[in-house]
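One structure is given below, encoded as structure tokens.
Numbering (our numbering), first residue to last: 9 to 305.
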């Protein structure tokens with residue numbers, strides 16, 4: 009694996025790490041956050057398509073990439089609700105662990121990645137390290153605090169359901185390998201924006217909140233631009249000719265480092281001394297596992 013491919017694989021870490029911190033900073037209800045995020049992504053995709061003069065794909069390629077965008081938007085709506093229950097610094101590690109299991113197993117079992125026995129052993133060992141690291145980051149010293157109990161259970165349940173959409177986001181583009189990352193980006197962003205629009209208009213509660221007249225719907229477009237950067241570089245990284253789905257996805261999920269620390273220091277989600285030690289130890293395991301995964305052949 010070349011240094012260039014590794015750098016491409018790490019680019020989504022930056023965009024997806026900053027993205028949840030910005031949505032938390034700009035605030036708003038989940039409907040405001042998903043509108044801003046998806047519209048910002050669509051703006052980014054249109055700019056890239058115009059700059060690169062990328063032709064619009066059609067047929068099966070358009071359908072599968074469009075569906076992947078729908079999957080992401082549906083999953084992200086649930087994660088935005090989880091943020092309100094547990095905060096960014098607790099939600100993101102849980103989401104990362106679940107996504108790593110789903111996407112990596114899909115890449116290995118369905119797409120045939122990590123074909124060598126030694127590669128599978130190293131890859132699954134790296135995933136195990138990440139899961140352990142994620143567990144450390146969720147350590148709570150006082151089990152009776154608000155972040156625990158029923159709110160934590162509800163948050164975990166929301167994240168678990170969201171992983172179905174996230175898996176669709178990662179897996180659907182792999183069904184049309186002839187579509188490049190640049191070609192897949194705009195249809196995918198369209199799927200995201202359409203889903204967000206339907207969500208904003210589908211329920212009476214969302215309509216009454218007048219999301220298109222709320223400032224946070226538009227400030228969150230900035231967060232969406234960071235997501236757009238991550239989404240595009242991930243589509244490129246996950247191609248079989250670059251890093252592949254299993255390795256590309258694992259590298260991208262080191263965004264948990266930026267998102268977790270951002271939740272603590274930028275959004276001021278408080279941690280005790282012991283909790284902070286557990287968080288740093290968990291994040292260190294994630295980094296080590298990511299480095300191991302990057303060199304799997």
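For every residue, glycine included, the Cβ atom is placed at its ideal position computed from N, Cα and C.
All values reported here derive from a predicted model rather than from experimental measurement.
In the structure shown, the three-state DSSP call for residue 122 is coil. At the C-beta level, residue 28 and residue 89 stay beyond 8 angstroms of one another. Judged by their CB atoms, residue 80 and residue 173 are nearer to each other than the 8 angstroms cut-off. Here DSSP, grouped into helix, strand and coil, assigns residue 279 to coil.
Secondary structure note for residue 93: its alpha helix (DSSP H) is the uninterrupted segment 67-94. Cβ-Cβ distances below 6 angstroms link residue 252 to 121 in the same chain, with the five nearest sequence neighbours on each side left out; the list follows chain order. Within its own chain, no residue has a Cβ closer than 7 angstroms to the Cβ of residue 273 once the five positions on either side in sequence are excluded. Within its own chain, the residues whose Cβ lies closer than 7 angstroms to the Cβ of residue 267, once the five positions on either side in sequence are excluded, are 25, 28, 29, 96 and 100, listed in chain order. Residue 46 counts as buried, since at least 16 other C-beta atoms from the protein chains shown sit within 10 angstroms of its C-beta. Residues of the same chain with a CB within less than 7 angstroms of the CB of residue 261, apart from the 5 flanking positions on each side, are 104, 107 and 108 in chain order. A buried status is given to residue 93, since no fewer than 16 other beta-carbon atoms sit within 10 Å of its beta-carbon. Going by beta carbons, residue 194 and residue 57 fall inside the 8 angstroms limit.
Nearest Cα to residue 200 within the set 146, 52 and 276: 52.
Taken in chain order, the unbroken stretches of alpha helix (DSSP H) that lie wholly in the segment 149-236 and span 4 residues or more are 157-179, 189-210 and 212-216. Exclusion of the five residues before and after residue 130 leaves 304 as the residues of its chain whose Cβ lies within less than 6 angstroms of its Cβ. For residue 286 against residue 91, the beta-carbon gap comes to about 20 angstroms, at or over 8 angstroms, which does not count as contact. CA-to-CA, the gap between residue 186 and residue 65 works out to about 10 angstroms.
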